Amino acid sequence: MSGCVMAGALALGLAAGNRFTLEWTHSVEREAWRETWEVADHHLHLVEAAVKGSGAGMEPGPGGHFQDGWWIWVPDLAPVAELNLAASGMTPSAWRLCGADCVDLGAEPGEALRIAACEGDGKP
Numbered sequence: 001m002s003g004c005v006m007a008g009a010l011a012l013g014l015a016a017g018n019r020f021t022l023e024w025t026h027s028v029e030r031e032a033w034r035e036t037w038e039v040a041d042h043h044l045h046l047v048e049a050a051v052k053g054s055g056a057g058m059e060p061g062p063g064g065h066f067q068d069g070w071w072i073w074v075p076d077l078a079p080v081a082e083l084n085l086a087a088s089g090m091t092p093s094a095w096r097l098c099g100a101d102c103v104d105l106g107a108e109p110g111e112a113l114r115i116a117a118c119e120g121d122g123k124p
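The numbering of the sequence shown is full-length UniProt numbering, which starts it at 1 and goes up by one.
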């Protein structure tokens, strides 16, 4: 598996370690949320989560610590085959997906966005 994820029809190369980040602004609390994912064995594994504040649905997980303005923790979740992101166009920010480069997704209303691991030729 090479370092690539598909986000809809877009193939995005990954940074070192086959990792990418997904960042957005929480729709109710208006605070930043960031997740770091790793691609391994055709699956996505959440390796770190971070929030800028706390509130409705934004409480830091067990073992969280405060660093550089973020509450950071390591979620205990099983790897998943894909992520599905809503694209209502009604949230305060787009989804910001960063691998080797960054792209904003779902700022306008549309179909849900599927993020999944892909082969080096950009195919899921």
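Each residue gets a CB set at the ideal place from its N, CA and C atoms; glycine is no exception. Predicted, not measured: the structure shown is a model, and the values here were computed from it.
Under 8 Å between C-beta atoms of residue i and residue j
i, j, result
"Leu113", "Ala87", "yes"
"Glu31", "Gly53", "yes"
"residue 177", "Ala116", "No answer is possible for residue 177: it lies beyond the span of the chain, which begins at 1 and ends at 124."
"Val74", "Glu38", "no"
Residues near residue i in its chain [Cβ-Cβ closer than 8 Å; skip 5 each side]
i, result
"Cys102", "Arg96"
"Ala7", "Leu97, Val103, Leu105, Leu113, Arg114 and Ile115"
Residue i - containing beta strand (DSSP E), residue span
i, result
"His45", "His43 to Val51"
"Asn84", "Glu82 to Ala87"
"Val74", "That residue, Val74, is in no beta strand (DSSP E); it is neither H nor E in DSSP."
"Cys4", "Cys4 to Ala7"
Burial state of residue i (16 or more Cβ within 10 Å)
i, result
"Leu10", "exposed"
"Phe20", "buried"
"Asp104", "exposed"
"Thr99", "It is Gly, not Thr, that sits at residue 99 in the sequence shown. Looking at its Cβ environment, which holds 16 or more other Cβ atoms inside 10 Å, Gly99 is buried."
Proximal residues to residue i (C-beta, below 7 Å), its chain only, five neighbours per side dropped
i, result
"His45", "Trp37, Glu38 and Pro79"
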